[in-house]
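For the sequence shown, the working numbering assigns the number 30 to the initial residue and increments by one for each residue that follows.
Remarks on the structure that follows.
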Amino acid sequence: MDNFWNKRYITEQLIWGVEPSSITVICEKIFKENNTKDILVIGAGYGRNGKYFVENGYHVDGIEISEEAINIGKIFAPEINFIKGSVLDMNLNKKYDAVFCYDIIQLFQEEKRKTVIENCIKHCKNTGRIMISCLSDKDMLYGIGKMIEGNTFEIRNGLTIHFSNEEEINNIGEKLEIMKLGYSKEKMENDRTGKERDRIYGIYKIT
Ligand SMILES: C[S@@+](CC[C@H](N)C(=O)[O-])C[C@H]1O[C@@H](n2cnc3c(N)ncnc32)[C@H](O)[C@@H]1O
Numbered sequence: 030m031d032n033f034w035n036k037r038y039i040t041e042q043l044i045w046g047v048e049p050s051s052i053t054v055i056c057e058k059i060f061k062e063n064n065t066k067d068i069l070v071i072g073a074g075y076g077r078n079g080k081y082f083v084e085n086g087y088h089v090d091g092i093e094i095s096e097e098a099i100n101i102g103k104i105f106a107p108e109i110n111f112i113k114g115s116v117l118d119m120n121l122n123k124k125y126d127a128v129f130c131y132d133i134i135q136l137f138q139e140e141k142r143k144t145v146i147e148n149c150i151k152h153c154k155n156t157g158r159i160m161i162s163c164l165s166d167k168d169m170l171y172g173i174g175k176m177i178e179g180n181t182f183e184i185r186n187g188l189t190i191h192f193s194n195e196e197e198i199n200n201i202g203e204k205l206e207i208m209k210l211g212y213s214k215e216k217m218e219n220d221r222t223g224k225e226r227d228r229i230y231g232i233y234k235i236t
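Written out as structure tokens, the structure is:
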């Protein structure tokens with residue numbers, strides 16, 4: 030998978046522009062209310078969301094599998110502590126006040142999504158918050174390509190996407206209690222579709 034992303038970053042550079050997602054802005058307010066200082070961003074890309082947290086006074090570690098994304102990120106958001114690694118086997122020996130998972134679990138099939146969620150819980154303090162976003166089954170790409178498993182399609186060579194829904198976000202795992210469920214409809218700068226995309230997200234506490 031890192032090959033796929035490395036190639037994209039080499040050719041497209043700032044793939045989703047330089048602005049943070051609207052979900053990041055909403056989360057920042059909720060994280061602040063929970064006295065957050067330290068945030069782990071998983072699948073951090075070149076840091077467009079992490080940068081917003083840094084600018085608002087947080088320490089940010091960003092784990093990312095693509096060396097090319099990290100190279101761009103070191104220039105775009107040098108204040109982020111980028112860590113090269115996979116969210117499937119991350120072991121950072123640290124617990125954060127918040128773990129931010131924007132558009133990353135959608136890249137995995139069910140078993141691996143569970144692994145990623147377990148790894149997020151492992152890296153979050155008991156009093157912390159976890160945000161998980163995913164493209165939703167209302168998104169324009171839903172149903173395109175070969176179906177791999179429930180709500181999961183190989184939309185093009187090398188890219189499989191899982192599309193989530195309310196039921197799934199409300200019941201994402203036994204150890205996570207949903208505090209807020211939200212939707213975003215957003216057109217991102219530079220997005221190759223040029224269209225608004227539909228996401229669903231949950232903000233959780235650990236039970
Ligand atoms: C859809 S992009 C989202 C990037 C970033 N969250 C953003 O919105 O700007 C998914 C990112 O996850 C990274 N990624 C894919 N598999 C990964 C893995 N196993 N471990 C860590 N990062 C991964 C990709 O390289 C890519 O940067």
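The beta-carbon is built from N, C-alpha and C at its ideal position, and this holds for glycine as well.
Fair warning: this is a prediction, and the values are worked out from it, not measured in the lab.
Opposing strand residues paired with Y233 [DSSP bridges]:
Here the question's residue 233 lines up with position 204 in the sequence shown. DSSP, once it has assigned bridges, lists I159 and I207 as partnering Y233.
Pairwise C-alpha distance: I68 and S87:
If you number the sequence shown from 1, residue 87 lands on position 58. If you number the sequence shown from 1, residue 68 lands on position 39. Note that residue 87 is Tyr in the sequence shown here, rather than Ser. In a straight line, the C-alpha of Y87 is about 7 Å away from that of I68.
Rounded to whole angstroms, how far is the Cβ of R228 from the Cβ of S162, which I believe are closer than 8 Å?
Taking the sequence shown and counting its residues from 1, the one referred to as residue 228 is at position 199. Taking the sequence shown and counting its residues from 1, the one referred to as residue 162 is at position 133. The Cβ separation is near 5 Å, so the contact holds.
Given that a residue counts as buried once 16 or more other Cβ atoms are within 10 Å of its Cβ, and exposed if not, what is G172?
In the sequence shown, the residue the question calls residue 172 occupies position 143. Counting Cβ neighbours within 10 Å, G172 comes out exposed, since fewer than 16 surround it.
Thinking R158 and F60 are a contact (beta carbons under 8 Å), I'd like their distance in whole angstroms, please.
The residue labelled residue 158 in the question sits at position 129 within the sequence shown. The residue labelled residue 60 in the question sits at position 31 within the sequence shown. Right, their Cβ atoms sit about 6 Å apart.
Using the beta-carbon count (16 or more within 10 Å), is M176 buried or exposed?
Counting from one through the sequence shown, the residue named residue 176 turns up at place 147. Its Cβ having fewer than 16 others within 10 Å, M176 is exposed.
Could you give the first and the last residue of the continuous alpha helix (DSSP H) run that contains I198?
Looking up residue 198 in the sequence shown gives position 169. Here the alpha helix (DSSP H) through I198 covers E195 to N199.
Cβ atoms of A106 and Y38: under 7 Å apart, would you say?
Taking the first residue of the sequence shown as 1, we reach residue 38 at position 9. Taking the first residue of the sequence shown as 1, we reach residue 106 at position 77. No, Cβ-Cβ distance for Y38 and A106 is not below 7 Å.
Environment of D118 [buried if 16+ CB atoms lie within 10 Å]
Position 89 of the sequence shown, counting from 1, holds the residue named residue 118. It is exposed - the Cβ of D118 has fewer than 16 other Cβ atoms within 10 Å.
Contact between the region 109 to 126 and the region 37 to 57 (3+ Cβ pairs under 8 Å):
Short answer: they don't touch.
Distance check for N194 and E139, CA to CA, integer angstroms please.
Position 110 of the sequence shown, counting from 1, holds the residue named residue 139. Position 165 of the sequence shown, counting from 1, holds the residue named residue 194. Those two C-alpha atoms are separated by around 14 Å.
Nearest-angstrom Cβ-Cβ length linking F192 and N200, presumed shorter than 8 Å
What you label residue 192 is simply residue 163 of the sequence shown in a count that begins at 1. What you label residue 200 is simply residue 171 of the sequence shown in a count that begins at 1. Incorrect: roughly 16 Å between the Cβ atoms, too far for contact.
Assuming L15 contacts N219 (C-beta within less than 8 Å), just tell me the rounded distance between them.
Because the chain is modelled from 30 through 236, residue 15 falls outside the range shown and cannot be assessed.
Could you check what DSSP says for L117 in three-state terms: helix, strand or coil?
In the sequence shown, counting from the first residue as 1, residue 117 sits at position 88. Residue state, collapsed to three classes: coil.
Within the same chain, show all residues whose beta-carbon is closer than 8 Å to that of I184, passing over the 5 residues directly before and after it, in chain order.
By one-based count along the sequence shown, residue 184 stands at place 155. Counting only Cβ-Cβ distances below 8 Å, and skipping sequence neighbours, we find L170, I173, G174 and I190.
Should S51 be listed as close to ligand 2, given that the test is whether its C-beta is under 6 Å from any heavy atom?
Among the ligands present in this structure, namely ligand 1, ligand 2 is not found.
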